[in-house]
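One structure is given here, and the rest of the page talks about it.
In this note's numbering, the protein residues as written are 7 to 110.
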């Protein structure tokens, strides 16, 4: 990925969540934060091999890092991420059936 004026090889498996910031996208990793010049939707589309869950118009999360959730908020590695009203039904369905679903 191009971060600033240099290219970095980053392990996207360590990506906790991404946040839109105008024309930029903030990438929040387990080891720190990076900023790239690309809209959030384009970043998600180009990195479709990583499992992102879109939870808000400005946030997408890696479901592997979700530790808990409420009706309107997710907890990921000491970060609170809001769940947008438009995305709530899909997020709640995903969390109840896949991430926190009952084990058979």
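For every residue, glycine included, the Cβ atom is placed at its ideal position computed from N, Cα and C.
Predicted model only: the values in this text are computed from it and were never measured.
From which residue to which residue does the alpha helix (DSSP H) around residue i run?
i	result
residue 95	94–100
For the beta strand (DSSP E) containing residue i, list its first residue and its last residue.
i	result
residue 87	85–88
residue 6	The question about residue 6 has no answer, for the chain in this structure spans 7 to 110.
residue 81	79–82
residue 73	72–75
residue 59	59–62
Just to check my reading of the structure: residue i and residue j have Cβ atoms closer than 8 Å, yes? What is that Cβ distance to the nearest angstrom?
i	j	result
residue 67	residue 58	7 Å
residue 36	residue 20	5 Å
Can you name, in chain order, every residue of its own chain whose Cβ lies under 7 Å from the Cβ of residue i, other than the five neighbours on each side?
i	result
residue 61	67, 80, 87, 89, 90, 93, 97
Give me, in chain order, the residues of the same chain whose beta-carbon lies closer than 8 Å to that of residue i; leave out the 5 immediate sequence neighbours on both sides.
i	result
residue 42	7, 8, 9, 30, 31, 33, 49
residue 109	Confidence at residue 109 is low in this model, with a pLDDT of 47, below 50, so the placement of that residue is unreliable and no value is reported for it.
residue 25	31, 32, 34, 46, 64, 65
Short of 6 Å in beta carbon distance, which residues of its chain neighbour residue i, apart from the five on each side in sequence? Order them along the chain.
i	result
residue 16	7
Where are the beta strand (DSSP E) runs, 3 residues long or more, that stay fully inside the region 17–46, in chain order? For the region 17–46, the continuous beta strand (DSSP E) assignments of 3+ residues that do not extend past its boundaries occur at 21–27, 30–35, 39–42, in sequence order.
Pairing CB atoms from the region 80–89 with CB atoms from the region 45–54, are three or more of them under 8 Å? The region 80–89 makes no contact with the region 45–54, as fewer than three CB pairs between them are under 8 Å.
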